[in-house]
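The sequence shown lines up with residues 1171 to 1334 when you count with our numbering.
We put the CB at the ideal spot given by N, CA and C, even for glycine.
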Amino acid sequence: MPNTDFCHSSGCRLLAVRPNDFNTVGWPDGQWHRYRVGQGWTLEMDLRPEGWISNARLLKLSARTGTRLSSQELNQAARFLSAVTGRRFSRQAVGACLDAGLTAQNRDPDVYGSTHPLSQWTTASGLPFKARCGVAGAGPLGVWAGWLQEERVRANAAPQVGSH
1171 MPNTDFCHSS GCRLLAVRPN DFNTVGWPDG QWHRYRVGQG WTLEMDLRPE GWISNARLLK
1231 LSARTGTRLS SQELNQAARF LSAVTGRRFS RQAVGACLDA GLTAQNRDPD VYGSTHPLSQ
1291 WTTASGLPFK ARCGVAGAGP LGVWAGWLQE ERVRANAAPQ VGSH
């Protein structure tokens, strides 16, 4: 990820690296990386020992409940998802996902986002991956993609952030 066009244009700066542990969604081996990214974003990744990404999150950790992203921020979120997954994501799709999350949150303040993923697919090695979004309140504002996200949807929980 640090050598991608996304990080080159966004100014990713490594802040921390820690070994994954038993509480890491996916596999307990590998590493967790945290980067500071331009415009107030934080990027977190769970990396397998082989170097591939099992989960990646682009988050606005200080956003307040009800915060909406600007067009530029929506573009950056879509570019991040495209960079981390190799799939194409649009600003409009990310915005629609976040709007759905805000609508759901207006009905129930404990809701973190839409129950529908932005995308879901199976990797070449057979792992189920999803891209999702979340609104500030019950968790941090942002987008993420990775493996083993069913548990979070069912529990209506935010992604694990900096829990390592």
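Per DSSP, what kind of secondary structure is residue i in: helix, strand or coil?
{"i": "residue 1303", "result": "strand"}
{"i": "residue 1312", "result": "strand"}
{"i": "residue 1216", "result": "strand"}
{"i": "residue 1326", "result": "For residue 1326, the predicted structure reports a pLDDT of 41, less than 50, and the residue's modelled location is therefore unreliable. A value from the coordinates is still provided. The answer is coil: DSSP assigns residue 1326 none of H, G, I, E or B."}
{"i": "residue 1249", "result": "helix"}
{"i": "residue 1285", "result": "coil"}
{"i": "residue 1293", "result": "coil"}
{"i": "residue 1276", "result": "helix"}
{"i": "residue 1239", "result": "coil"}
{"i": "residue 1180", "result": "helix"}
{"i": "residue 1227", "result": "strand"}
Can you tell which of the options has its C-alpha closest to the C-alpha of residue i?
{"i": "residue 1298", "options": "1199, 1304, 1317 and 1286", "result": "1317"}
{"i": "residue 1259", "options": "1303, 1213, 1212 and 1187", "result": "1303"}
{"i": "residue 1204", "options": "1218, 1224, 1219 and 1228", "result": "1228"}
{"i": "residue 1263", "options": "1254, 1256 and 1286", "result": "1286"}
{"i": "residue 1289", "options": "1309, 1310 and 1314", "result": "1314"}
{"i": "residue 1178", "options": "1188, 1249, 1230 and 1255", "result": "1249"}
{"i": "residue 1307", "options": "1275, 1295, 1301 and 1294", "result": "1275"}
{"i": "residue 1292", "options": "1305, 1220, 1257 and 1193", "result": "1257"}
{"i": "residue 1173", "options": "1242, 1277, 1300 and 1254", "result": "1254"}
{"i": "residue 1180", "options": "1300, 1202, 1311 and 1247", "result": "1247"}
{"i": "residue 1241", "options": "1261, 1218, 1232 and 1217", "result": "1261"}
{"i": "residue 1221", "options": "1239, 1201, 1234 and 1232", "result": "1201"}
One question on the structure: do residue i and residue j come within less than 9 Å of each other, judged by their Cβ atoms?
{"i": "residue 1309", "j": "residue 1272", "result": "no"}
{"i": "residue 1383", "j": "residue 1252", "result": "Given that the chain is displayed from residue 1171 to residue 1334, the structure contains no residue 1383 and the question cannot be resolved."}
{"i": "residue 1199", "j": "residue 1218", "result": "yes"}
Per DSSP, which one or two residues make a beta bridge with residue i?
{"i": "residue 1202", "result": "1188 and 1216"}
{"i": "residue 1317", "result": "1299"}
Inter-stretch contact (C-beta, 8 Å, three-pair minimum) for the stretch 1199-1215 and the stretch 1263-1281: no
Cβ contact (3+ pairs, closer than 8 Å) linking the stretch 1212-1231 and the stretch 1266-1275: no
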